[in-house]
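S.K.:
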Amino acid sequence: MKKLILPIVFIAFSINSIAQNNTQVEETTVNELFAKKVALEKDGKFKDRFTIQLIYGGREVATKTKAKYDNLNLSWPSELKWESPNHKVWIGKFRNRLEADRALIEIREHFPDAFILKPQS
C-alpha cells in the first residue's frame, strides 16, 4: 500500500506543477496589435486584395489611360505598374470579389475591356 501511495502523490504534484505554467498576454498589447492590423487592412497593405486592370500595353497608352481615369474622379485610386516590357493601370485594392465586381460595373461604363485580377505580388 505504501508503494502505491508514493507514486500517486508524486504524479499528483507533477500534474499540478505543469498546469501552473500559463502565460498571460496584456490587454494593451492585444489592443495595439489589433489596431495595427485594422490600419494595415484599411490601407490595403496585405497582398490578398483584388484589383481592376484597365490596360496592359505601352507606356504612352498606359499614361493616357491613367489620366483619363483620373479625370473621371471615381473614388478608387489608380496606379501605374510596370512589368517588363509593358505597363499596366490598376484600380483600387478591394477586400473581396464582391467589392471588385461592384466597382467593375461602374468602371466598365468608361473602360469596357477592364477586368478583375488578384495580383500575386
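Its first residue numbered 14, the sequence shown is counted upward by one per residue in this note's numbering. All residues carry an ideal CB built from backbone N, CA and C; glycine is no exception. This one's a predicted model, so the numbers in the text were calculated from it and none came from an experiment.
1. Based on the DSSP output, what are the partners of residue 95 in its beta bridges?
2. Expressed to the nearest angstrom, what Euclidean distance is found between the alpha-carbon atoms of residue 113 and residue 80?
3. Where does residue 79 fall in DSSP's three states?
4. For residue 75 and residue 100, which I take to be in contact (beta-carbon distance under 8 Å), what is that distance rounded to the nearest angstrom?
5. Would you tell me roughly how many angstroms separate the C-alpha atoms of residue 66 and residue 73, rounded to the nearest one?
6. Tell me whether residue 131 sits in a helix, a strand or coil according to DSSP, three-state version.
7. Contact criterion: CB-CB distance below 8 Å. Does residue 81 meet it with respect to chain D?
8. Using DSSP's beta-bridge definition, name the partner residues of residue 139.
9. Might you give, ordered along the chain, the residues of its own chain that have their beta carbon closer than 8 Å to the beta carbon of residue 119, omitting 5 neighbours on each side?
M.R.: The short version:
1. Indexing the sequence shown from 1 puts residue 95 at position 82. According to DSSP, which records beta bridges pairwise, residue 95 is partnered with 100.
2. Here residue 113 corresponds to residue number 100 of the sequence shown, with the count starting at 1. Here residue 80 corresponds to residue number 67 of the sequence shown, with the count starting at 1. Cα-Cα distance, rounded: 21 Å.
3. Translated into positions along the sequence shown, residue 79 becomes position 66. Note: residue 79 maps to helix in three-state DSSP.
4. By one-based count along the sequence shown, residue 75 stands at place 62. By one-based count along the sequence shown, residue 100 stands at place 87. Residue 75 to residue 100, Cβ: 4 Å. Contact.
5. Translated into positions along the sequence shown, residue 66 becomes position 53. Translated into positions along the sequence shown, residue 73 becomes position 60. Residue 66 and residue 73: Cα-Cα distance of roughly 16 Å.
6. For the purposes of this step, residue 131 is taken as residue 118 along the sequence shown, with counting starting at 1. Residue state, collapsed to three classes: coil.
7. Absence of chain D from the displayed structure is noted, only one protein chain being present.
8. Outside the modelled stretch of the chain, which goes from 14 to 134, sits residue 139, for which no answer is possible.
9. Numbered from 1 along the sequence shown, position 106 holds the residue referred to as residue 119. The residues are 87.
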